[in-house]
């Protein structure tokens, strides 16, 4: 049974957390990447599909390769960040279901249905990308998730040997520099986009 987090934890994960455009020079290492992954992998996906395929760009060469696939403003953010992440999605995730979801023959649900697999891969890898953001924040890191890239170029650069893996979105990660962000944009009140059925 879960217990409510205290106010400071909720601030860290949601209320005062921001999307950063720039970072301090604190390095982000493989150990840090593994710590974030160990948390994010615990988030739920449909039938434990876990379709996200992650590429951590920890050195400058990898960041430069990713930056070459991004728009000009995003490229600069990627090059200067301590690290960046490519969140991909495996459209053949169902091949892993016999061990990821051994309770039943879940693989058969998706065989012969490439469009259904694409939809499910997008939905569940997006969830996993959100878990990445929350896990990173929970461990004291800041993120800069973004679009603004050439998906075909990212796929060729990072998933060229895995043709069924496609990029979903990308993100920078590090210790955020508050001077690189503007005031928080509006968040809608409950009654604007919610209703009780």
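Residue numbers (this note's numbering): 942 to 1138. Don't be surprised by glycine CBs; every beta carbon is placed ideally from N, CA and C. All values derive from a computational prediction rather than experimental measurement.
Leaving out five residues before and five after residue i in sequence, what residues of the same chain have Cβ atoms less than 6 Å from its Cβ?
i            : result
residue 1047 : 988, 1038
residue 1023 : 964, 968, 969, 1115
Any idea if residue i is buried or exposed, counting beta-carbon neighbours within 10 angstroms, 16 or more meaning buried?
i            : result
residue 1113 : buried
residue 1082 : buried
residue 1084 : buried
residue 1135 : exposed
residue 1130 : exposed
residue 1028 : buried
residue 955  : exposed
residue 951  : exposed
Closer than 8 Å by C-beta to residue i: which residues in its own chain qualify, once you throw out the five before and the five after it? Chain order, please.
i            : result
residue 1087 : 1011, 1015, 1018, 1110, 1111, 1112, 1113
Check residue i in the structure and name its three-state DSSP category.
i            : result
residue 1121 : helix
residue 1090 : strand
residue 959  : coil
residue 997  : strand
residue 969  : coil
residue 1074 : helix
residue 1083 : strand
residue 1114 : strand
Kindly indicate which residue of the options has the alpha-carbon position closest to the one of residue i.
i            : options              : result
residue 1093 : 1084, 1103, 1085     : 1103
residue 1089 : 1008, 1035, 1124     : 1008
residue 971  : 961, 996, 950        : 996
residue 1069 : 999, 1030, 947, 1095 : 1030
> Which full runs of the beta strand (DSSP E) of 3+ residues lie inside the stretch 1000 to 1070, going along the chain?
Replying inline: 1024 to 1031
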